[in-house]
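Note that the sequence shown ends on residue 336 in the numbering used here; no numbers are left out.
Glycine included, each C-beta is placed from N, C-alpha and C at the ideal position.
For clarity, every value in this text was computed on a predicted model and none was experimentally measured.
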Amino acid sequence: MTLALRTKGLGKSWGAFRANSDIDFDLPPGARHALIGPNGAGKTTFINLLSGVLTPTSGDIFIGGECVTRLSQERRVGKGMARTFQINNLFPGLTALESVALAILERKGFGGRWLLPAASYREELEEAWSLLADLHLDAEASETVGSLAYGKQRLLEIALALATRPSILLLDEPAAGIPAGESTEIFKVIARLPAEVSILFIEHDMDLVFRFAQRITVLVGGRILTEGTPQEIVADPRVREAYLGEAQHD
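Written out as structure tokens, the structure reads:
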């Protein structure tokens with residue numbers, strides 16, 4: 087089986103500080119995989135390395151068996167990788183529908199068509215509407231991004247990522263800053279994403295992690311402590327000592 091994503095000996099250092107060290111990680115096709123660990127464990131650094139925001143100090147990254155270690159973020163998107171961020175970066179003056187349609191036009195290399203009449207990109211608007219409906223955002227299609235509730239903005243950010251038609255989706259705390267009820271709804275939407283999309287997500291809410299992840303990797307001090315099913319992770323005394331006990335008292 088060709089893995090959707092793999093790293094071999096991946097590391098990132100700034101001088102003597104090692105944010106990530108010797109990470110060997112496999113993400114199979116269609117995976118629903120969580121990355122957890124205490125604050126400062128190197129989780130976001132790892133996602134930044136995977137997506138090309140940062141350049142590794144050591145090791146390699148592979149998408150579908152192809153080494154992409156030195157490729158730009160844009161080239162990795164072209165290889166099927168998309169991501170969201172802890173802090174979303176949307177277009178506040180556009181409507182939700184316009185934002186997703188623009189992302190689709192960019193995917194097709196037709197960003198300049200945005201300046202033409204809407205009839206010139208009807209197909210892209212229809213695809214954008216379908217994406218919004220899949221994420222239960224069709225009722226907000228005509229609202230400006232800046233007027234959306236924060237939870238809806240996070241869902242829109244996922245829609246923008248999906249507009250690139252990724253095979254790999256990296257989610258950096260998609261429920262961050264969202265009330266518990268709304269965060270559960272976001273993860274229900276994530277759970278319904280197409281099975282062919284492999285998902286790696288960072289999340290601090292252990293209830294959400296254990297409910298939606300098929301496998302979990304635990305980072306501590308920039309290294310992988312262990313990996314396993316939710317049942318294996320919750321039963322591991324090293325994980326309880328390094329993280330779960332802390333999380334339960336936060």
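Query	Result
Once you ignore the five residues that flank G263 on each side, which residues in its own chain have a CB closer than 7 Å to its CB?	Y236
Please state whether DSSP places D112 in a helix, a strand or coil.	strand
Near L218, which residues of its chain fall below 7 Å by C-beta distance, leaving aside the five closest residues on each side in sequence?	A182, L183, V186, D224, A227, A245
Which residues in the same chain as W100 place their Cβ atom closer than 7 Å to its Cβ, once the five residues preceding and following it in sequence are excluded?	none
Going by C-alpha distance, which of G126, H222, L191 is nearest E210?	L191
Can the beta-carbon of T88 be found closer than 8 Å to that of I147?	no
Tell me which residues share the same chain as F111 and place their Cβ nearer than 6 Å to its Cβ, disregarding the 5 neighbours each side in the sequence.	T93
Quick one: any contact between the region 156-172 and the region 102-111, if contact means 3 or more CB pairs under 8 Å?	no
Going by DSSP, which residues form a beta bridge with D322?	According to DSSP, D322 bridges with nothing at all.
Report back the beta-carbon spacing between L242 and V231 to the nearest angstrom; my notes put them in contact at under 8 Å.	7 Å
Quick one: what's got a C-beta closer than 8 Å to C153's C-beta in the same chain, skipping five residues either side?	D146, I147
DSSP on K98, reduced to helix/strand/coil?	strand
Taking Cβ positions, are A247 and A168 nearer each other than 8 Å?	yes
Below 6 Å CB to CB, which residues in the same chain sit around V306 once its five sequence neighbours on both sides are set aside?	G123, A127, A328
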